[in-house]
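Positions in the sequence shown are counted from 1; adding 256 to them yields the numbering used here.
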Amino acid sequence: MYDPSQLRTFLAVAQTLSFTQAARRLGLRQSTVSQHVRRLEDTAGRQLFTRDTHSVELTEDGEAMLGFARRILEAHEQAAAFFTGTRLRGRLRFGASEDFVLTRLTEILEGFRHEHPEVDLELTVELSGTLHEQLADGKLDLVLAKRRPEDPRGELVWHDRLVWIGAERLRLDPERPVPLIVYPPPGITRALALEALERQGRAWRIACTSGSLNGLIAAARAGLGVMAHSRGLVPPGLVRVPDRVGLPELGEVDFVLVHAKRHTAAKSAADALASSILAGGDRLHRSR
């Protein structure tokens, strides 16, 4: 009943909230993306997106379709792998940034291990900047991380805004430097936060540095300061800092999949895991 190509297009639009970005990810024309979504909506008999010239948002029916689309595509890929007799083997060195510690990435990895039991999956969790360096040094085969502003490489998983977050009871004194909770260099959000404050001419001080997301969250929950974080991944117990506080805009961020430049024995396994992550990208959002 549902065309897999239309479901893949739907997932790409749902994860990027952009017909243009979805077209780039899939290598399709934007008109084709619109056509796929329209045909899927006709088949379902429901509107899946509300869209205007400025924004794209999922409807309630669109949210429901996410789960169905993912399961249909997973079953489709399982059947294809079974009947073609393809079995992936070897070691796959996969790096995921600290941003995904509290998400459902583990479910995607568990599903991948179930589908490809002969692949030795080696997981590295690090800062995005560190993962990009390890990928360039040939130490990883695939990376899921934030994209550096100057780096055009990578397959877009989703696009989001960075926001300031902190404990709900936290009160900032406008006469004193902003207390920052940050990753150590080469953290990408750290660099963006410092650049935004410098542009505004706002004084700041480092209140906490940790290479662990859980460490940063603990400091933020204790009210030590504010941190820059993806809007779609705000951890429980923390809230967005109100606009009236006057902190500068942090801009937008892309979460991408990047493959090793050199073709390795792990390429097929890396391609399969990348497909699983792209198909299940909505699981990586805690909220939006």
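We put the CB at the ideal spot given by N, CA and C, even for glycine.
Cβ separation of residue i and residue j, assumed to be a contact under 8 angstroms, to the nearest whole Å
i, j, result
"LEU513", "LEU398", "7 angstroms"
"GLN271", "TRP420", "No, GLN271 and TRP420 are not in contact; Cβ-Cβ is about 24 angstroms, not under 8 angstroms."
"GLU297", "GLN303", "6 angstroms"
"GLN390", "LEU396", "5 angstroms"
"PRO440", "LEU329", "At roughly 38 angstroms, the Cβ-Cβ gap does not stay under 8 angstroms, so PRO440 and LEU329 are not in contact."
"ALA209", "ALA474", "Absent from the structure is residue 209, since the part of the chain shown begins at 257 and ends at 544."
"PHE368", "LEU529", "5 angstroms"
Under the three-state DSSP convention, the category residue i falls into
i, result
"VAL413", "strand"
"ARG369", "helix"
"VAL497", "coil"
"GLY487", "Residue 487 is actually Arg in this sequence, not Gly. In this structure, ARG487 counts as helix in the three-state DSSP scheme."
"HIS515", "strand"
"ASP527", "helix"
"GLY479", "coil"
"GLU363", "helix"
"ALA220", "Given a span of 257 to 544 for the chain in the structure shown, any question on residue 220 remains unanswerable."
C-beta contact flag for residue i and residue j at 8 angstroms
i, j, result
"THR386", "LEU418", "no"
"MET321", "PHE266", "yes"
"ARG487", "ASP416", "yes"
"GLN277", "LEU400", "no"
"LEU282", "ALA268", "yes"
"LEU506", "LEU448", "yes"
"ARG518", "THR359", "no"
"ALA535", "ARG326", "yes"
Are at least three pairs of beta-carbons, each pair with one atom in the segment 370 to 380 and one in the segment 343 to 354, less than 8 angstroms apart? yes
Runs of 3 residues minimum, wholly inside the segment 373 to 453: which ones carry the beta strand (DSSP E) assignment? The DSSP assignment places complete beta strand (DSSP E) segments of no fewer than 3 residues inside the segment 373 to 453 at 375 to 382, 398 to 402, 411 to 422 and 434 to 438, in order along the chain.
contact_flag[the segment 455 to 474, the segment 427 to 437] where n(CB pairs < 8 angstroms) is 3 or more: The segment 455 to 474 makes contact with the segment 427 to 437, as at least three CB pairs between them are under 8 angstroms.
Can you confirm whether the segment 328 to 335 touches the segment 493 to 503 when touching is taken to mean that 3 or more C-beta pairs between the two stretches lie within less than 8 angstroms? no
Any alpha helix (DSSP H) of 4 or more consecutive residues that is wholly inside the segment 315 to 364: 316 to 340
At 4 residues or longer, what runs of the alpha helix (DSSP H) sit wholly inside the segment 270 to 323? 275 to 282 and 286 to 300
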